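Residue numbers (UniProt numbering), protein chains in the order written: chain D, 1 to 229; chain F, 1 to 229. Quick reminder that beta carbons are idealized off the backbone N, C-alpha and C, glycines included. Note that the structure is a prediction, hence the values are computed from the model and not measured. Since the structure comes first, as structure tokens, the remarks are kept for the end.
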DNA sequence: TTTATTAATGTTGTTTTTACACTTATGTTA
DNA sequence: TAACATAAGTGTAAAAACAACATTAATAAA
């Protein structure tokens with residue numbers, strides 16, 4: 001029985017993560033300042049190499065966990081980048097993943113130790129290799145996903161206001177949305193719980209807080225829907 | 001200067017192609033009967049290994065060309081499959097690509113020599129490894145693409161009737177479409193040329209033949225659109 | 001000339017989407 | 001404590017898109 005495809009070439013396989021977060025300033029990505037050559041000191045996506053006994057999804061979650069301390073995060077494979085000289089050191093194919101995290105949840109100390117930092121997506125530094133392209137493609141995918149899955153919620157704190165949700169969608173789609181139409185569309189999805197509690201930070205009147213209805217949310221995650229915003 | 005990431009593991013990287021075709025019997029995929037171990041004699045997607053000095057897209061077009069003789073075919077990268085034992089011989093990550101070809105154009109002799117064969121998508125043999133899953137995901141992607149790009153046209157002969165186009169879309173979406181609504185939606189895209197010429201095969205009356213308007217077609221390829229069928 | 005067959009064509013009711021402005025609640029300030 | 005300032009909350013009407021549907025037209029064959 002054959003036990004190798006001996007004539008075929010082997011390559012390094014990397015995983016790079018586009019980690020999206022959202023806070024009151026807008027949509028951000030988590031970047032790291034490389035502390036090794038090549039391109040030491042330059043900004044980069046968070047990444048690492050696939051291990052021999054590891055599945056790509058596991059590598060992505062391992063890498064995310066290493067740099068943020070987070071587990072059980074929504075991640076999705078995006079695309080394999082394979083330009084010959086994309087990494088000048090050695091032929092490396094990189095598979096990109098995107099993750100959505102609540103920006104307040106991550107381990108701040110950890111990311112500080114790694115020289116990682118959040119940047120607004122429209123005001124991020126130039127990145128090494130083909131990472132700029134990876135980010136642009138990830139944004140596209142995020143926009144698309146947003147329209148077929150109730151995915152944006154991963155980015156918000158547990159309790160949030162309608163305004164926060166609206167601003168999140170505006171940041172993802174980078175366009176203004178009509179407040180009333182947005183609210184009625186979201187309500188028609190029927191995945192939110194309106195709480196008694198109000199958030200008094202943002203206004204005199206205060207605005208109601210919402211949480212997701214986990215069950216209905218999971219249900220919608222299964223069956224795609226169309227959310228035309 | 002660093003010239004290797006010496007601690008990282010290397011793996012084999014394969015490319016597997018889901019090749020869609022369409023004829024008067026419906027939507028089909030091109031499969032090959034393996035003539036090497038493991039799983040010799042079983043049906044499989046057409047695939048091969050990435051070479052050291054080769055980009056994934058090139059590998060995909062090389063493989064497609066090898067088995068069909070075709071060049072300049074629309075191909076798109078889909079997904080990287082990385083289960084540890086997906087290939088029992090050796091750890092292999094496979095990147096799937098899908099291609100759309102006009103079933104009458106390929107080199108029939110070539111595919112015969114390779115023991116390749118067209119199968120209706122709903123009546124294909126069981127495939128090796130994770131190839132069944134790859135095919136199912138490719139069908140999903142094809143359906144999606146169809147709704148945002150005028151992509152299905154790649155599968156038709158140069159001149160085609162509205163009925164053929166309708167049946168192609170019905171096959172891709174696997175549902176019946178209303179003929180009149182379909183035609184008016186297609187016409188609203190404004191990417192077809194209606195010829196004087198009629199196809200007299202299918203009826204006494206004959207039905208007008210159409211070609212794509214290349215320019216407008218290219219234009220639509222840039223800017224996504226929504227085609228809700 | 002009749003017949004049989006498929007092609008071609010438009011309208012209407014329903015649903016969805018968009019555009020749009022005033023009132024309410026409440027903390028702050030005079 | 002009354003007026004004020006601020007953002008929250010709410011509904012409707014017009015326009016656009018969609019879905020459902022049946023008749024006439026062209027031609028080859030009988």
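For residue 215 of chain F, the enclosing alpha helix (DSSP H) has its first and last residue at 214 to 222. Listed by position along chain D, the residues whose Cβ is nearer than 7 Å to that of residue 117 of chain F form an empty set, because the closest Cβ is around 24 Å away. Among the residues of chain D, none has a CB under 9 Å from the CB of residue 85 of chain F; the nearest is roughly 10 Å distant. Residue pairing for residue 15 of chain F: DSSP places it in a beta bridge opposite F:48, F:95. Counting only runs that start and end inside the segment 77 to 146 of chain D, the alpha helix (DSSP H) elements of at least 4 residues fall at 108 to 113. Any Cβ of chain D closer than 8 Å to the Cβ of residue 9 of chain F would place that residue at the interface, and such an atom is present.
The C-alpha of residue 146 of chain D lies about 17 Å from the C-alpha of residue 121 of chain D. Classified as exposed, residue 179 of chain D has fewer than 16 neighbouring CB atoms from the shown chains inside 10 Å of its CB. Around the beta carbon of residue 36 of chain D, a 10 Å sphere encloses fewer than 16 other beta carbons of the protein chains shown; the residue is thus reported as exposed. Scanning its chain for C-beta atoms nearer than 8 Å, with the 5 sequence neighbours on each side dropped, one finds around residue 61 of chain D the residues 71, 73, 75, in chain order. Between the beta-carbon of residue 97 of chain F and that of residue 17 of chain F there is about 5 Å, and that keeps the pair under the 8 Å contact cut. According to the DSSP assignment, residue 183 of chain F belongs to no beta strand (DSSP E) but to the alpha helix (DSSP H) extending over 179 to 189. A straight-line Cα-Cα distance of about 13 Å links residue 183 of chain D and residue 208 of chain D. By the criterion of at least three beta-carbon pairs nearer than 8 Å, the segment 128 to 147 of chain D is in contact with the segment 79 to 90 of chain D.
Not a single CB atom of chain F sits nearer than 8 Å to the CB of residue 164 of chain D. Residue 10 of chain D is not a Cβ neighbour of residue 51 of chain F, given a cutoff of 8 Å. For residue 223 of chain D, the nearest beta carbon of chain F is not closer than 8 Å to its own beta carbon. For residue 201 of chain D, the three-state secondary structure derived from DSSP is coil. When 8 Å is used as the limit between beta carbons, residue 3 of chain D is near these residues of chain F: 89, 90, in chain order. Residues of chain F whose Cβ lies closer than 7 Å to the Cβ of residue 77 of chain D are, in chain order, 79, 80.
For residue 95 of chain F, the nearest beta carbon of chain D is closer than 8 Å to its own beta carbon.
Among the CB atoms of chain D, one or more fall inside 8 Å of the CB of residue 52 of chain F.
Neighbours of residue 135 of chain D across chain F, judged by C-beta separation under 9 Å, do not exist; the nearest C-beta is about 18 Å away.
Following the DSSP letters along the chain, one finds residue 56 of chain D inside the alpha helix (DSSP H) bounded by residues 56 to 68.
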